[in-house]
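To start, the structure under review is shown below, and the notes come after it.
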Amino acid sequence: MPPSATADTSKTVKLERYNSYLRKIHSTKVLKASSKVLFRATLLIALVLVLLFAVKYHPHSDSHHLHRRSFLSTGLFSSSSSLGEGAAWEKRVRQSSTAKRQHGLSVLVTGAAGFVGSHCSIALRKRGDGVLGFDNFNDYYDPSLKRARQHLLEKNQVFIVEGDLNDGPLLRKLFDIVPFTHVLHLAAQAGVRYAMKNPQSYISSNIAGLVNLLEVAKAANPQPAIVWASSSSVYGLNTENPFSEEHRTDQPASLYAATKKAGEEIAHTYNHIYGLSLTGLRFFTVYGPWGRPDMAYFFFTKDILHGKSIDIYRTQDNQEVARDFTYIDDIVKGCVGALDTAEKSTGSGGKKRGPAQLRVYNLGNTSPVPVGRLVSILEGLLGTKAKKHLIKMPRNGDVPYTHANVSLAYRDFGYKPTTDLAAGLRKFVKWYVSYYGIQPRVKKENSHADESA
Ligand SMILES: O=C(O)[C@H]1O[C@H](OP(=O)(O)OP(=O)(O)OC[C@H]2O[C@@H](n3ccc(=O)[nH]c3=O)[C@H](O)[C@@H]2O)[C@H](O)[C@@H](O)[C@H]1O
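Heads up: the sequence shown runs through residues 10 to 462, numbered per my numbering.
So, in structure tokens, the structure goes:
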């Protein structure tokens with residue numbers, strides 16, 4: 010074999026080897042590529058399936074609401090339970106929201122299982138308005154008290170839809186079913202001092218929840234007029250006295266106060282852009298039967314009865330801390346007055362058609378009482394001496410005193426508080442001992458002597 014032929018043959022062999030190497034690489038690549046395509050396709054199909062499943066059973070999807078409602082409605086205080094409950098649930102929503110008097114209001118009350126919410130719902134229903142309650146029954150304080158209030162509301166033909174303010178689809182669904190004329194928005198994360206423990210809950214309820222509700226309300230047709238709970242705490246470090254709506258509210262002392270103040274600004278925005286009629290009510294330390302166990306008058310009562318010591322705060326310069334304690338019935342009158350004088354929203358389909366009403370009112374008692382005096386009244390009513398522990402007010406959001414000027418609310422809807430602290434606490438203690446089944450040493454109705462001890 011000529012040398013060149015040998016060289017040629019070996020070249021050909023080498024070339025063939027090289028080509029087969031290339032083919033191998035290519036086929037591996039093709040294999041890899043096709044398995045990649047297959048993997049991606051599987052992934053895509055899986056994703057689509059997951060999405061379909063999620064849409065069907067997502068907590069915000071309407072079909073899930075029906076399931077959730079059916080679960081809830083099998084509870085102690087509700088009825089329907091089969092698949093037909095979608096219609097049954099809607100029927101309850103409609104019935105509850107329908108006024109029983111001519112030209113009655115149809116009010117969505119958020120926080121209806123709460124202290125102020127439950128009282129207002131019953132008062133509105135009693136005069137023949139339609140009332141639908143809304144509440145998430147959270148456990149900020151004993152939810153069994155909220156369930157008991159719910160029970161009371163059921164007796165008064167008020168149905169409470171269990172849901173969260175941040176659940177847009179559920180709120181929209183309610184507005185689809187009912188053309189609410191008004192919203193009384195009382196659902197909130199309350200409590201001044203708790204804001205240091207759980208700041209996020211204030212943002213979620215008092216800011217995000219409020220915005221969510223306003224978004225739904227502004228898009229509703231007709232738009233409702235909204236009356237909502239602001240707070241005396243917005244006055245913060247204000248030193249002018251008594252507090253008037255014109256005073257500064259830009260120095261909040263707690264995150265709670267800051268979220269309520271933010272709520273007032275947010276209200277301004279929705280009024281300005283969408284024509285929502287908005288009324289903010291600055292409540293001053295509301296107390297009374299069915300009250301909130303996280304509030305001082307409530308847990309002082311409990312602790313005095315249990316022989317536990319109570320902390321009575323004093324200011325940094327050793328002055329008494331005072332509050333303009335306001336009795337629940339007066340607050341209810343204020344809420345109803347605000348609803349009755351609320352003008353219609355002016356927008357429709359999310360568009361403003363003209364200027365709308367924007368209001369803010371103090372609802373207080375106009376006579377601040379030192380916390381020490383509150384304790385004396387309780388001692389008298391309970392027939393028990395408190396173990397008092399006087400301490401400097403912790404720096405946790407409290408303010409030294411509150412005092413409401415209510416002339417604006419008086420001018421616009423005749424608001425005039427009529428219950429003083431001693432009379433109001435008497436009613437509270439009476440309720441407390443009967444609710445908790447305590448054998449009291451509570452003084453008889455006409456004995457006032459010990460209350461002022
Ligand atoms: O008007 C409001 O906008 C707010 O009112 C209420 O806040 P406050 O006025 O702070 O009521 P509350 O806690 O009952 O303390 C009463 C007094 O007892 C003092 N206090 C309190 C606790 C304690 O251990 N000792 C004590 O002396 C304390 O220093 C205070 O002077 C609502 O909770 C709040 O949600 C909001 O609605």
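The C-beta atom is built at its ideal place from N, Cα and C for all residues, glycine as well.
Computed from a predicted model, the values in this text were never measured in an experiment.
- For residue 318, the enclosing beta strand (DSSP E) starts and ends at 318–323.
- The beta carbon of residue 135 lies closer than 8 Å to those of 165 in the same chain, with the five residues before and after it left out.
- DSSP, reduced to helix, strand and coil, places residue 354 outside both helices and strands of the structure shown, so it counts as coil.
- Residue 313 is not a Cβ neighbour of residue 399, given a cutoff of 8 Å.
- Residue 183 and residue 430 have their alpha carbons spaced roughly 39 Å apart.
- Residue 119: not part of any alpha helix (DSSP H); member of the beta strand (DSSP E) spanning 115–119, first to last residue.
- The residue among 97, 215, 367 with its C-alpha nearest the C-alpha of residue 168 is 97.
- Residues of the same chain with a CB within less than 7 Å of the CB of residue 281, apart from the 5 flanking positions on each side, do not exist.
- When DSSP states are grouped into helix, strand and coil, residue 212 belongs to the helix group.
- For residue 400, the enclosing beta strand (DSSP E) begins and ends at 396–401.
- Taking 7 Å as the cut-off, one finds at least one heavy atom of ligand 1 near enough to the beta carbon of residue 411.
- At the C-beta level, residue 294 and residue 402 stay beyond 8 Å of one another.
- By the criterion of at least three beta-carbon pairs nearer than 8 Å, the segment 260–268 is not in contact with the segment 365–374.
- In the structure shown, the three-state DSSP call for residue 433 is helix.
- Taking 7 Å as the cut-off, one finds at least one heavy atom of ligand 1 near enough to the beta carbon of residue 294.
- According to the DSSP assignment, residue 288 belongs to the beta strand (DSSP E) that extends over 287–292.
- At least one heavy atom of ligand 1 lies less than 7 Å from the C-beta of residue 201.
- If you ignore the 5 residues before and after residue 424, its C-beta comes within less than 7 Å of the C-beta of 342, 343, 346, 372, 415, 418, all in its own chain and listed in chain order.
- Judged by beta-carbon spacing, residue 292 lies within the 8 Å limit of residue 335, meaning their Cβ atoms are closer than that value.
- A Cβ-Cβ separation of about 51 Å leaves residue 186 out of contact with residue 329 under the 8 Å criterion.
- Look at residue 332: its beta carbon is less than 7 Å from one of the heavy atoms in ligand 1.
- With distances taken between CA atoms, residue 162 lies nearest to 132 out of 178, 132, 226, 445.
- DSSP places residue 418 within a helical segment (H, G or I) once states are collapsed to three.
- Contact annotation: residue 288 and residue 391 have beta-carbon atoms that are not nearer than 8 Å.
- Under DSSP, the beta-bridge partners assigned to residue 336 are 296.
- Where residue 136 is concerned, there is no enclosing beta strand (DSSP E), because DSSP gives it neither an H nor an E.
- Within the same chain, 216, 219, 220, 223 come within 8 Å of residue 275 by CB-CB distance, once the 5 residues on both sides are set aside.
- Among the bridge pairs identified by DSSP, residue 371 is matched with 291.
- Note on geometry: alpha-carbon atoms of residue 176 and residue 326 lie some 46 Å from one another.
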